[in-house]
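Quick note on numbering: the sequence shown equals residues 11 to 276 in the working numbering.
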Amino acid sequence: MSLLPKLPVPELPTGPWALFLDIDGTLLEHAAHPDAVVVGDELRTLLARLELQLDGALAFITGRSIAAVDHLFQPLRLRAAGLYGLEHRLTRDGPVEAAGEPADIAALAEEIEAELGSSDVYIERKGPILAVHTRAAPQLLQRATQLVEQALGRLPTGYRVLAGNAGVELMPLDAAKGAAIRRFLDLPAFEGRRPVFLGDDTSDENGFEAVNEIDGMSIRIKPHGPTAARHVLADVGEALAWLGAVCKRNLDGSTGLVDPSHRRSP
11 MSLLPKLPVP ELPTGPWALF LDIDGTLLEH AAHPDAVVVG DELRTLLARL ELQLDGALAF
71 ITGRSIAAVD HLFQPLRLRA AGLYGLEHRL TRDGPVEAAG EPADIAALAE EIEAELGSSD
131 VYIERKGPIL AVHTRAAPQL LQRATQLVEQ ALGRLPTGYR VLAGNAGVEL MPLDAAKGAA
191 IRRFLDLPAF EGRRPVFLGD DTSDENGFEA VNEIDGMSIR IKPHGPTAAR HVLADVGEAL
251 AWLGAVCKRN LDGSTGLVDP SHRRSP
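What follows is the structure, encoded as C-alpha cells:
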C-alpha cells in the first residue's frame, strides 16, 4: 500500500479565493467505466452552495468533456474546463467552446479498439484526446501505453502521452489544466482571488504547479508518489468532508468572501 507524502492537510482558505475542482478521484470515486459513476443530490447541493458563496468563482477542471460533466451533474451547469482545457464554459449556463476529433486520432482509436476493445479495456474518444482506461484490466496497462507511445511517431507534432493511475491518454500539448486555471483567473468573477485546486492524478500536476506559482493552495487527493501539491487529503471522502467544512464555515459567517451586495452577474 502506498504511503501518503508527508504533506499537511489544508486549512480552510480565508480571504477572497476561487475553487477549481477535478472530478474523478476527487469528488467521485473511480469506476471501471467512466459512465458508471453516480452523482448524489448531496454533492450537487454542496457544489451549488459553494458556487453561490464564492460569487461564481468555482469551476470544474477535468479530463471529461463538458457534455459528460453536464450529464453527470444535471441540472447544474457550472463553469468548466473540459478535455484538460481544450473545452471551456466561461459563464454559468453559458455556451461551450468545444473541440472536435481529428481524423488521425479517430483512426488510432479504431486501431486500439480492434486490439484491446474486447478485453475489459475502455477506449474513450474525447475529440482531440484519446483515453485508454485499464482499471478493469490492469494487466493491459503496459500494452495500452506501448500502443499509444508508438503512435506518436505517426501523428503530427504537438501531441504527448500522459500515463495515469489506471490508464493512458494521448492529447495535444496545449491540453493543460494549469493553462485552463490561468484563463479562469483572468475573468471578472475570479480576478484577484487566491486559487485553490483539488486533484488526484498525474494530469493534475500541471495545475498544482500553476497554482503554486501564484501562491495558491494545491491539494492532491490520495497521492501515490511525489507530487507538486503542497497539501494532501487521504481520499474522496476526506475531500468531500473538507469541502463540506468550508461550506459550513461560510454559512456560519466566518468568511473572507466577497460581500453578497457586490455580486457580479454571471
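Ideal Cβ positions, reconstructed from N, Cα and C, are used throughout, including at glycine.
In the DSSP assignment, D34 is bridged to L38. Proximity to A78 across V131, A251, R59 and V48 peaks at V48, based on C-alpha coordinates. Relative to A147, the option among P166, R135, Q156 and G127 whose CA is nearest is G127. Apart from the 5 residues on each side of it in sequence, R204 sits with its Cβ closer than 6 angstroms to the Cβ of W27 and G226 in its chain, given in chain order. Residue environment for I191: buried (at least 16 other C-beta atoms within 10 angstroms of its C-beta). For A109, the closest of A91, E123, G163 and G25 by C-alpha to C-alpha distance is A91. In this structure, the straight-line span from the alpha carbon of A46 to that of L82 is close to 10 angstroms. Taken through DSSP and simplified to helix, strand or coil, L151 comes out as helix. Around the beta carbon of T167, a 10 Å sphere encloses fewer than 16 other beta carbons of the protein chains shown; the residue is thus reported as exposed. Between R89 and R99, the C-beta gap is smaller than 7 angstroms, which places the two residues in contact. Counting every other CB atom within 10 Å of its CB across the protein chains shown gives R230 a total of 16 or more, marking it as buried. For the pair A119 and A58, the Cα-to-Cα distance works out to about 36 angstroms.
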